[in-house]
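Contents: one structure, followed by commentary.
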Amino acid sequence: MGTHVVRCQACGEDIAGEIRHLGAENVEALHCSSCPRVLLLKTPGVPERFGIARPSTGRYAPEFQPYLRQLLPFYAKVEALFAPCVCGGRYGYMNPPRCPKCNGLLRGDCYGDKPIAKVTDGYALVTTAAVHDEDQLSPAARAAMAK
Ligand SMILES: [Zn+2]
Ligand SMILES: [Zn+2]
């Protein structure tokens, strides 16, 4: 953790946030589709508890697809466990981070449709608020977990 400043690619303002080193902290960042909030997902954790298998990302894995697109169905299953953001948006692996000043794309379309860009991203900047995986589970997911 620590403070970090990035220049927003949309508005040009310098934006400060708390830097999270995803690999070192064993978390994944799912940004909201329509506001600067970010969901931090501990790994291993929620996906494993729900029996959602993570595809191998090895180059010679049988499921290998260009840009690690074999991860997209995994991402979709994990994202479906979470309730919408308080703003009404959805948390998703492939959503690029948004700027707390202009709500534009802070780092541009930094993932495109290429999961490999997400996997190798390495950090997330928490500019507004982080929500934690278990707090954000949908009512249905909570009920399933209680069984
Ligand atoms: Zn901005
Ligand atoms: Zn939101």
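Position one of the sequence shown corresponds to residue 4 (my numbering), numbered consecutively onward. Ideal Cβ positions, reconstructed from N, Cα and C, are used throughout, including at glycine.
Residue i classed as buried or exposed, judged by whether at least 16 other C-beta atoms fall within 10 angstroms
i    : result
E31  : buried
M148 : exposed
N29  : exposed
Q68  : exposed
R10  : exposed
V81  : buried
D136 : buried
K121 : buried
C88  : buried
P142 : exposed
Residues near residue i in its chain [Cβ-Cβ closer than 7 Å; skip 5 each side]
i    : result
Y126 : I22, R23, H24, L25
L108 : Q12, A13, P99, R101
L71  : T60, P118, I119, V122
Heavy atom of ligand 2 within 8 Å of residue i beta-carbon
i    : result
A105 : A quick correction: the sequence has Cys, not Ala, at residue 105. Every heavy atom of ligand 2 is 8 Å or more from the Cβ of C105, so no.
G91  : yes
C156 : Because residue 156 is not part of the residues shown, which for the chain are 4 to 150, the question remains open.
C88  : yes
beta-carbon residue i near ligand 1 non-hydrogen atom, thresh 8 Å
i    : result
A13  : yes
C38  : no
L128 : no
E16  : yes
C35  : no
L109 : yes
Contacting residues, own chain, Cβ-Cβ under 8 Å from residue i (five flanking each side not counted)
i   : result
F77 : P50, I55, A56, R57, P58
G3  : Residue 3 lies beyond the stretch modelled for the chain, which goes from 4 to 150, so this question has no answer here.
Residues bridged to residue i [DSSP beta-bridge criterion]
i    : result
A19  : V8
L44  : E31
R101 : L108
L128 : I22
Y94  : C35
Nearest-angstrom Cα separation, counted from residue j out to residue i
i    : j    : result
A79  : A133 : 20 Å
L33  : K45  : 11 Å
L5   : I18  : A small correction: the amino acid at residue 5 is Gly; Leu does not occupy that position in the sequence shown. Spanning the two alpha carbons is a distance of roughly 14 Å.
A64  : L75  : 15 Å
G111 : M97  : 12 Å
A27  : Y114 : 21 Å
Same chain, Cβ closer than 6 Å to residue i, neighbours up to 5 away in sequence not counted
i   : result
L42 : L33, Y94, V134, Q139
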